[in-house]
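Quick note, in our numbering, the sequence shown goes up one by one and the last residue is 454. C-beta: ideal position from N, C-alpha, C; glycine also.
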Amino acid sequence: MPLRCAVLASGQGSNFQALLDRKAAGDLHVEFVLLIGNNSVAGAFEKARSRGIPCFHLVPSQFSSEEGYCTKFLEILTEHRIDLIVLAGYMKKLPPGVVRAYHRRIVNIHPALLPAFGGKGMYGSHVHEAVIEYGAKLSGITVHFVDEEYDHGPIILQRAIGVLDSDDPHSLAERVLAVEHACYWQAIEAIAAGRIVIEGRRVMGVGEMKDENNG
Ligand code: GAR
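Here it is, written out as C-alpha cells:
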C-alpha cells in the first residue's frame, strides 16, 4: 500500500507541484491525500482543490486554546489515515503534540544547508537574504525529519550550490528552488521504499552526493 501523505504548505506550492509531477511521471510512489495550510489563498490550495485533494485551513486563532488547535490537527490527520506529513513551504511551527504523534514521520525542506541559516525567523526569502549578507560561498537545500526544535531534526538529504558574486536574494532563491524541485521527491521516495535507516542523528539510504574531488 502506498504511503498516504499530507502536504502542509503556506505559499505558492511549487514544491507541492514538483512532487505531484514526479508522482505523475511514475517516479514517486506515494498518495497525496490531504492538504493543510495556514493561508487559504495560497497557490497550494488551488493545486490540491483542482485535483480533488481535501484541503483544510488551520490556524491557532480559530481555536480558543493551543490544545484545541492541536486536537483538531490530529483529528484531521487521523481521519485521513496519514502515514507521512510532508512540509512543502510550510512557514508555521507545528503543534508539539503533532510532532510527538508523528515522530520520524514528518519531513521538511529548508532552503539552505542546515544547521547554518536555520532556526526561528529563518524561512523563505529571509534565509537567502541572510546567506547573501553573511557572504557565504555555498548554500543549498536540506531535507530533514522534523522534531520539536526549528530546523533541527536528523538530515535526510542535502545538496549544495555555489553562491555567485552576481547573486541577490531573489536569484539565489530561484536557483535553490530548482534544486528543491529536483531533490525533495528523492527523500520521500526513499522513505516510501523503506530504504531509510536511522542511527542516532544519522540517516542513511537516500543516496550520496557525488564528491567532485574524489570522483
Ligand atoms: C521553499 O524555498 C521552501 O524551502 C521554503 O519556502 C519555499 C516555499 O516555496 N521553506 C521554508 O523556508 C520553511 N522553513 P513553494 O511554496 O514554492 O514550495
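Counting the other CB atoms within 10 Å of its CB gives ASP407 a total below 16, which places it among the exposed residues. Nearest in C-alpha terms to GLY250, of all of VAL382, LEU326 and ALA351, is LEU326. Taking the Cα of ARG320 as reference, the smallest distance to any Cα among ARG243, HIS420 and ILE371 is reached at ARG243. Counting only residues of its own chain and dropping the five nearest sequence neighbours on each side, ARG398 has a CB closer than 6 Å to the CB of GLY379, ILE380, VAL418 and CYS422. The beta carbon of ALA327 sits closer than 6 Å to at least one heavy atom of the ligand GAR. For ILE345, the closest alpha carbon among the candidates LEU333, TYR308, GLY358 and LYS311 is that of LEU333. At a Cβ-Cβ threshold of 7 Å, PRO393 and ARG434 do not count as neighbours. ILE324 and TYR308 do not touch by the CB rule: their CB atoms are close to 16 Å apart, not below 8 Å.
Taking C-beta separations shorter than 8 Å and ignoring five residues to either side along the sequence, the partners of PRO354 in its chain run ASP390 and HIS391, following chain order. Non-local beta-carbon contacts of ALA429 in its own chain, meaning distances under 7 Å to residues more than five positions away in sequence, involve ILE435, GLY444 and VAL445 in chain order. The straight-line gap separating the alpha-carbon atoms of HIS420 and PHE255 is approximately 9 Å. Considered as a whole, the segment 284-346 harbours 294-296 and 323-326 as its complete beta strand (DSSP E) runs of no fewer than 3 residues, in chain order. Boundaries of the beta strand (DSSP E) harbouring VAL246: 242-248, taken from the DSSP string. Residue environment: GLY276 is assigned as buried (16 or more neighbouring CB atoms within 10 Å of its CB, all protein chains considered). For ALA399, the enclosing beta strand (DSSP E) covers residues 394-401.
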